[in-house]
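Residue numbers 1 to 322, in full-length UniProt numbering, belong to the letters of the sequence shown in order. Okay, structure first, notes after.
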Amino acid sequence: MPSDQATALFHPVVAVKEPMGAMLPDVTLSSLFLMGKIFSCVYLICAAIGWTGNFLIILVTIRRKKLRGPCNIFIAVQALTDMLTQLSHIPFAYLTFTEQLVSFRECWTINFVFISASDFSILLMFFIALDRLVAAKRPHLYNAMNPVLYIASVLTLCLIYSITFKIITFFSILEEETLCVLPQATSGWAENLWFGAGAVVNCGVVGVYFVLTRTFKHGSQAEYKRLNRSLNTMIVFYIFGWVTTMIGASLLLVLTPNPTALVTYGLPLATFANVNLAAPFFIYYFRSTLYRNEFRKMLGLKREAQGSTVVHPSAHVSTTRY
């Protein structure tokens with residue numbers, strides 16, 4: 001799952017000047033660090049769950065031949081990028097417990113790999129959704145594609161997207177100090193551009209999943225019952241992680257212009273995003289018969305009855321994440 005939710009908050013500079021008209025109480029630096037300590041622990045717990053689950057996704061993809069299709073490869077790559085994104089909680093926890101502020105430039109450097117992985121993952125999530133839609137609606141076209149070229153092209157586009165924003169954000173770095181949570185890796189004039197691009201991609205993901213759900217709804221009743229619960233689960237978790245964070249962050253911008261307060265009150269919102277990052281393994285295990293059976297085989301557990309979870313038969317993809 002996509003991991004951009006954790007980075008799609010706001011990028012305030014820590015300040016002490018009290019603004020006029022704030023509707024929420026102002027926050028001191030000591031309160032900021034206290035909240036940072038509390039929620040860095042929450043993030044690390046979510047990360048530990050996510051690292052374990054995403055590692056199992058990668059491992060089962062490597063070891064089980066039934067999970068070698070393009071979509072399954074994309075899922076494994078996204079699991080890797082989500083693991084990298086959640087590694088950002090380690091330096092964040094260190095800085096909060098030692099009560100250190102760093103410059104935006106230092107924060108950009110610290111989170112270079114982590115936010116690059118996040119940007120890569122957000123676009124890959126869109127391509128995973130699009131992959132399922134094309135496989136369902138245009139199976140002949142999907143079957144005719146060269147799988148190696150297809151996978152390489154998608155991953156290259158994601159890499160270009162990630163590199164582009166690393167260049168853009170580098171030239172807009174502010175010179176103030178901040179508490180280095182992951183979103184602070186972007187600052188200055190590029191902040192709104194980065195935020196807007198992420199919002200567009202996320203809206204695209206949700207839109208494609210809704211179209212895909214409707215596609216199966218008009219298919220056979222048995223097929224719809226098998227697949228719709230998985231699609232709806234993905235939509236619910238994606239909206240839970242991303243939309244909740246977006247709405248909450250937008251409300252905070254209205255309720256308090258104080259930069260320190262924005263960071264402090266924003267920290268709890270990132271919990272939704274981190275839960276979303278930790279969820280993929282559980283969604284695949286409990287909502288996909290195929291993935292569940294492959295996980296159980298790999299772990300030496302008793303195999304359950306196989307139920308079809310194929311979005312559409314394909315010459316080079318016979319499986320799906322659902």
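Yeah, the Cβ is synthetic: ideal placement off N, Cα and C, and Gly gets one too.
| Check | Outcome |
| --- | --- |
| DSSP bridge partner residues for Ser103 (one or two, in chain order) | Glu177 |
| Contact belief for Asp82 with Leu277 at Cβ below 8 Å, rounded distance in angstroms | 5 Å |
| Simplified DSSP assignment, three categories, for Ile64 | Note that residue 64 corresponds to Arg in the displayed sequence, not to Ile. Looking at Arg64 - three-state DSSP - the assignment turns out to be coil, as it is neither helix nor strand. |
| Of the residues Asp131, Val236 and Ile173, the one placed nearest Gly69, counting alpha carbons only | Asp131 |
| Nearest neighbour of Tyr94, chosen from Leu84, Phe33 and Val113 [CA to CA] | Phe33 |
| Inter-stretch contact (C-beta, 8 Å, three-pair minimum) for the segment 197-210 and the segment 170-187 | no |
| Option in Asn293, Leu149, Ser31 and Gly188 with minimal Cα separation from Glu176 | Gly188 |
| Thr156: first and last residue of the uninterrupted alpha helix (DSSP H) it sits in | Pro147 to Phe170 |
| 7 Å Cβ cutoff met for Val27 and Thr260 | yes |
| Opening and closing residue of the alpha helix (DSSP H) in which Arg287 lies | Pro280 to Arg287 |
| Three-state class that DSSP yields for Arg292 in the structure shown | helix |
| Through-space distance from Ile38 to Ala8, alpha-carbon basis | With a pLDDT of only 43 at Ala8, under the threshold of 50, the placement of this residue in the model should not be trusted, and no figure is reported. |
| Opening and closing residue of the alpha helix (DSSP H) in which Thr256 lies | Run containing Thr256: none; DSSP gives neither H nor E here. |
| Tyr209 and Ala129 closer than 7 Å at C-beta | yes |
| Residue range of the alpha helix (DSSP H) that includes Met83 | Pro70 to Gln86 |
| Distance, Trp51 Cα to Glu191 Cα | 28 Å |
| Alpha carbon of Leu87 to alpha carbon of Ala48, nearest angstrom | 10 Å |
| Euclidean distance between Cα positions of Asn143 and Tyr285 | 27 Å |
| For Lys137, the first and last residue of its enclosing alpha helix (DSSP H) | Phe112 to Lys137 |
| Proximity of Val121 and Gln78 at Cβ, strictly below 7 Å | Correcting the residue type first, residue 121 is Ser in the shown sequence and not Val. Yes, these two residues count as a Cβ contact at 7 Å. |
| Leu67 to Ile73 span [Cα, whole Å] | 8 Å |
| Expected contact under 8 Å - CB spacing of Gly266 and Leu252 to nearest Å | 6 Å |
| Distance CB(Ile173)-CB(Arg105) smaller than 7 Å | yes |
| Any chain D beta carbon closer than 7 Å to Pro280 | Checking the listed chains, one finds no chain D in this structure; it contains a single protein chain. |
| Euclidean distance between Cα positions of Thr271 and Gly36 | 12 Å |
| Reduced DSSP category for Val236 - H, G, I as helix; E, B as strand; rest coil | helix |
| Short Cβ contact (7 Å threshold) for Ile283 with Thr233 | yes |
| Nearest candidate by alpha-carbon position, reference Thr178, set Met23, Pro25 and Leu29 | Leu29 |
| Helix, strand or coil at Val27 [DSSP, three-state] | coil |
| Residue range of the alpha helix (DSSP H) that includes Leu95 | His89 to Phe97 |
| Helix, strand or coil at Thr186 according to DSSP, with G and I counted as helix | coil |
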